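Mapping the sequence shown onto my numbering, position 156 (from 1) lands on 156, and the numbers just tick up by one.
Presented below is the structure to which this report refers.
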Amino acid sequence: MQVNPIVKTFQYGNHTVTLETGVMARQATAAVMASMDDTSVFVSVVGKKEAVEGQDFFPLTVNYQERTYAAGKIPGGFFKREGRPSEGETLTARLIDRPIRPLFPDAFKNEVQVIATVVSVNPNVSPDIITMIGTSAALAISGIPFNGPIGAARVGFINDQFVLNPSNVELEESRLDLVVAGTKDAVLMVESEADRLSEEQMLQAVVFGHDQQQTVINAINEFAAEVATPAWDWVAPAENTVLKNKIAELAEAKLVEAYQITEKMARYDRIHEIADEVNEV
């Protein structure tokens, strides 16, 4: 973990973004305080150096938590403590998870935990975008195998013009609320709601958001280069090609046919049947 404070500040549309590391959570694999104007999110990343033997999945956990003190309030009365994650917190955690999960190597099975805590909120600046940026920055400086960084942008559509990271007030008059995240070369995640926009306008919004977030990606690359954390000495385990080819031989054609079944439960039943057939062999 970086022991000397390093700060990266850049302009992102109408907002000033600051990334800072080396001050807090030094025992974490990586930690970044990310701020967009007066909205600040603390993101910590912890990765396990060794994978659990025999584990066949990637145990990535993303927790996003909002605290009432971020808005200058302390719970009182009957509810004096923070409760379980709200629906909004869960949805934001998924928003973070979806674009980063595909960027870890397929064979990487080490446990990774991302915790994002909102510590300060500007009512006009939603925390979700800066949280995604902070997560990307933390992973980029962690040394964990990660094919990032990613950028993130919210796109609005006001007076027939696309608006980058509109404020909450602007969103009330916007015909579009679209969040797009991706790498330098690819879009990985899109989530949106729109009021009667054409397909062409929606595609233009995605392209606009992806183009604008290049500013974030370039800034994170510069930030990571300055931090200069050594990459993990991780080598992908040898692949069992014999087993993989045998499974493909037994199941690939059948699975292609199974996925043509339009009725959901019938499709699932057929897939389970194919899996049972392969296991019996």
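Positions of the beta carbon are idealized from the N, C-alpha and C atoms, including for glycine.
It should be emphasised that the depicted structure is a prediction, and the values quoted were computed from it without experimental measurement.
Could you please give me the residues that DSSP links to residue i through a beta bridge?
i	result
Ser-35	Thr-18 and Ser-40
Ser-47	The amino acid occupying residue 47 in the given sequence is Gly; Ser does not appear at that position. Gly-47 is bridged to Val-112.
Ile-6	Thr-21
Ser-120	Ser-40
Asn-221	According to DSSP, Asn-221 bridges with nothing at all.
Val-187	Gly-182
Asp-269	Answer by DSSP bridge pairing: none, since Asp-269 is not bridged.
Leu-139	Bridge partners of Leu-139: none, in fact.
Thr-61	Gln-113
Ile-158	Gln-161
Tyr-259	DSSP output for Tyr-259 lists no bridge partner at all.
Leu-176	Ala-194
Gln-213	The partner list for Gln-213 (beta bridge, DSSP) is empty, contrary to what the question assumes.
Glu-87	DSSP, once it has assigned bridges, lists no residue as partnering Glu-87.
Are residue i and residue j touching if we call contact CB-CB under 7 Å?
i	j	result
Glu-163	Ala-205	Note that residue 163 is Val in the sequence shown, not Glu. Their beta carbons are not under 7 Å apart, which means Val-163 does not touch Ala-205 by this criterion.
Ala-231	Gly-143	yes
Val-180	Ala-137	no
Met-189	Arg-98	yes
Gly-134	Val-43	yes
Ala-70	Val-125	no
Pro-166	Thr-39	no
Tyr-64	Glu-87	no
Ile-141	Val-227	yes
Val-41	Ile-129	no
Lys-254	Ile-274	yes
Assign residue i to buried or exposed, taking buried as 16 or more other Cβ atoms, counted over all protein chains shown, within 10 Å of its Cβ.
i	result
Asp-185	exposed
Thr-9	exposed
Ile-282	Outside the shown range of the chain, which is 1 to 281, sits residue 282, and nothing can be said about it.
His-210	buried
Gly-72	exposed
Glu-66	buried
Asn-245	exposed
Asn-159	exposed
Thr-183	buried
Tyr-262	The sequence shown places Thr at residue 262, not Tyr. It counts as exposed.
Ala-266	exposed
Leu-91	exposed
Gln-213	buried
Ala-219	buried
Ala-225	exposed
Ala-116	buried
My assumption, with CB atoms under 8 Å, is that residue i sits in contact with residue j. Please give the rounded CB distance.
i	j	result
Leu-250	Glu-191	Going by Cβ atoms, the distance from Leu-250 to Glu-191 rounds to 37 Å, so no, they are not a contact pair.
Ala-194	Leu-171	Wrong, their Cβ atoms sit about 12 Å apart, outside the cutoff.
Val-46	Gln-113	5 Å
Val-207	Ile-247	The pair is not a contact, with the Cβ atoms about 39 Å apart (cut-off 8 Å).
Asn-122	Asp-56	So it is not a contact: roughly 43 Å between Cβ atoms.
Leu-203	Phe-157	Wrong, their Cβ atoms sit about 13 Å apart, outside the cutoff.
Between residue i and the ligand MN, is there a pair consisting of the residue's CB and a ligand heavy atom that are separated by less than 6 Å?
i	result
Ser-198	No copy of the ligand MN appears in this structure; indeed no ligand is present at all.
- prompt: So does the segment 3–16 actually touch the segment 102–111, counting three or more Cβ pairs closer than 8 Å?
  reply: no
- prompt: Contact between the segment 58–74 and the segment 145–159: three or more CB pairs below 8 Å?
  reply: Contact fails between the segment 58–74 and the segment 145–159, because fewer than three Cβ pairs, one in each stretch, are under 8 Å apart.
- prompt: Would the segment 238–250 and the segment 32–40 be scored as touching if the rule is three or more Cβ pairs under 8 Å?
  reply: No, because fewer than three Cβ pairs between the segment 238–250 and the segment 32–40 fall closer than 8 Å, the two stretches do not touch.
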